[in-house]
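Per our numbering, residue 3 is the first one in the sequence shown, and the count goes up by one each step.
Just so you know, even glycine gets a beta-carbon here, dropped at the ideal spot from N, CA and C.
Keep in mind it's a predicted model, so treat the numbers as computed, not measured.
One structure below.
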Amino acid sequence: MMQREKISFTEQRSAVKIEETAVTGFQREESEKYSFRVYDKGFAGIYFNVGKMTDDEGFGKAEKNLVLERPYKYQLESGVRSRDLTEEVLTDRQLIDIANETVAYLKEKHPEFTMNGSVAMRRKTVVQTNSAGLDLSDTDSISGIGLSFKHRDSKDISDGYLSMEFRTFDLKKFTDMADEYLNAYLTPAELPEELIIQMQYYDLLNKLDECLDAERMALGTSLFSGKTGQKIFSDRFTLAHDVSDKVSWGDPFFDGEGVTQDGDRRVFIDRGVLVSGYSDKHIAEKYGVPHTGNAWRRLSDIPVNGNVNLHIDRSESTAKQLLDGRYSVFPVQYSGGGWNDKGGYAMPVQCAFLCDGGHFIGKLPPFTMKGELFDMFGDGFIGVTSDDPIIKDKQVLLKMQYGK
3 MMQREKISFT
13 EQRSAVKIEE
23 TAVTGFQREE
33 SEKYSFRVYD
43 KGFAGIYFNV
53 GKMTDDEGFG
63 KAEKNLVLER
73 PYKYQLESGV
83 RSRDLTEEVL
93 TDRQLIDIAN
103 ETVAYLKEKH
113 PEFTMNGSVA
123 MRRKTVVQTN
133 SAGLDLSDTD
143 SISGIGLSFK
153 HRDSKDISDG
163 YLSMEFRTFD
173 LKKFTDMADE
183 YLNAYLTPAE
193 LPEELIIQMQ
203 YYDLLNKLDE
213 CLDAERMALG
223 TSLFSGKTGQ
233 KIFSDRFTLA
243 HDVSDKVSWG
253 DPFFDGEGVT
263 QDGDRRVFID
273 RGVLVSGYSD
283 KHIAEKYGVP
293 HTGNAWRRLS
303 DIPVNGNVNL
313 HIDRSESTAK
323 QLLDGRYSVF
333 PVQYSGGGWN
343 DKGGYAMPVQ
353 CAFLCDGGHF
363 IGKLPPFTMK
373 GELFDMFGDG
383 FIGVTSDDPI
393 IKDKQVLLKM
403 QYGK
């Protein structure tokens, strides 16, 4: 018997443009995208449409696409759940007022810097339903400011970036952060002998994402291949796919196949021990590995493995407590490096601040930070802070080395 499934994305975005520390424009966008899917005799027919379309027309076109013979033999999910994490929806007028207030503050307090970027608000809803009884809906609304800054004496295009997002907008949190960054920029400091990096860890997770791919692990092309059940990192290190209310930031609680997790969370590394890689239904069946519900939804094709929202568990200690009297280095602008195939990491840092865990002390000269995957998250892993100093977001503390 033929079954049907429909996935819809609706999004509204408003943005106030800021150039040379002045409000210069406003843009509002709304989009609707739909994926109509039918399943029959082990194959899927899919039709993707931008804009409104009736179900009869959409599913009719999907049925015609069964001739393409996309194999999909897996049982459809069922279950009903709706989540809306919205706390505040800013009007266009409010967004413009915030941008004007931001510009006025920065011009008065930090006239030696020019700012470019935007103040924006986005609201997104993802819905997935099917004829097997699935009816899932996830909505989130996020506002934020993102501005690059440049000192008037600098010869660079940009000297750094200020970014902060909210569910309930708080301009003072942003201006406090701007004060920390821009005042520290004007105060020279020296690199500490011991390099302890304090930063948002998102940019470091792409290597872990790659290593935890269950297909790579099965084929022997992952640094984690053959290590399941072994201790590979510090016992202070726990990594999970987490889309719970507390952690999710615009990430639906279900994957591309409509699979949900117990507690909206799946642990892959538990206190340093590798539990498993991540997989969708196809990869789990193909390689005989646990199915972890990590299918990446594609609106114009069948799902593929790769939908992971990785988070490192927080410690119970603040940044100051973890540092225990030491100084950290907070990279602000860095580019030109990354991970190599063997797990080595090297990244030139163009701008960084010396930090005591709670405040920036001054600007450091350029340097290169380097490390190795199993050291950085092993003996070099100090922890993720329980507080959110300066940038109002989670931060990791890692022991690294200076590179050339």
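Item to check | Limits of the unbroken alpha helix (DSSP H) element including residue 105 | outcome: 94 to 111
Checklist entry - Taking the alpha-carbon positions, what's the residue 95 to residue 159 distance? => result 31 Å
Item to check | Range of the contiguous alpha helix (DSSP H) that encloses residue 342 | outcome: Unbroken run through residue 342: none, as it is neither H nor E.
Item to check | Complete beta strand (DSSP E) runs within the region 252 to 322 (minimum length 3 residues, chain order) | outcome: 267 to 272 and 312 to 314
Item to check | At least three beta-carbon pairs within less than 8 Å, the region 275 to 288 to the region 220 to 236 | outcome: yes
Checklist entry - Can you tell me whether DSSP reads residue 64 as helix, strand or coil? => result helix
Item to check | residue 177, DSSP secondary structure in three states | outcome: helix
Item to check | the region 315 to 332 touching the region 355 to 366, judged by at least three CB pairs closer than 8 Å | outcome: yes
Checklist entry - Under the rule that 16 or more other beta-carbon atoms within 10 Å means buried, what is residue 69, buried or exposed? => result exposed
Checklist entry - For residue 137, which of helix, strand or coil comes out of DSSP? => result strand
Item to check | Spatially closest choice to residue 93 from 87, 170 and 260, by CA coordinates | outcome: 170
Next on the checklist: Could you pull the DSSP bridge partners for residue 118 from this structure?
Outcome noted: 150
Checklist entry - In its own chain, which residues sit with a C-beta less than 8 Å from the C-beta of residue 362, not counting the 5 before and 5 after it? => result 182, 183, 185, 186, 332, 355, 356 and 392
Next on the checklist: In this structure, how does DSSP classify residue 184 when only helix, strand and coil are distinguished?
Outcome noted: helix
Item to check | Through-space distance from residue 282 to residue 297, alpha-carbon basis | outcome: 5 Å
Item to check | Spatially closest choice to residue 189 from 365, 398, 61 and 406, by CA coordinates | outcome: 365
Checklist entry - According to the neighbour-count rule (16 or more other Cβ atoms, all chains shown, within 10 Å of its Cβ), is residue 217 buried or exposed? => result buried
Checklist entry - Does the region 77 to 86 come within contact of the region 101 to 118, defined as at least 3 CB pairs closer than 8 Å? => result no
Next on the checklist: Quick check: residue 397 and residue 163, are their CB atoms within less than 8 Å of each other?
Outcome noted: no
Checklist entry - Hey, would you say residue 317 sits closer than 8 Å to residue 385, going by beta carbons? => result yes
Checklist entry - In terms of alpha-carbon separation, which member of 147, 125, 156 and 155 lies closest to residue 174? => result 147
Next on the checklist: Cutting at 7 Å between CB atoms, please list the residues of its own chain near residue 225, excluding the five before and the five after it.
Outcome noted: 213, 345 and 375
Next on the checklist: Residues in the same chain with beta-carbon distance under 6 Å from residue 294, minus the five sequence neighbours each way, listed in chain order, please.
Outcome noted: 268, 280 and 281
Item to check | Simplified DSSP state of residue 205, which is helix, strand or coil | outcome: helix
Item to check | Buried or exposed (CB count within 10 angstroms, at least 16 for buried), residue 140 | outcome: buried
Next on the checklist: Please list the terminal residues of the continuous alpha helix (DSSP H) segment that includes residue 376.
Outcome noted: 375 to 378
Checklist entry - How big is the Cα-Cα spacing for residue 78 and residue 260? => result 8 Å
Checklist entry - So who's on the other strand from residue 1, going by DSSP bridges? => result Shown here, the chain extends from 3 to 406; a query on residue 1 therefore has no answer.
Checklist entry - If you draw a straight line from the C-alpha of residue 165 to the C-alpha of residue 151, how long is it? => result 11 Å
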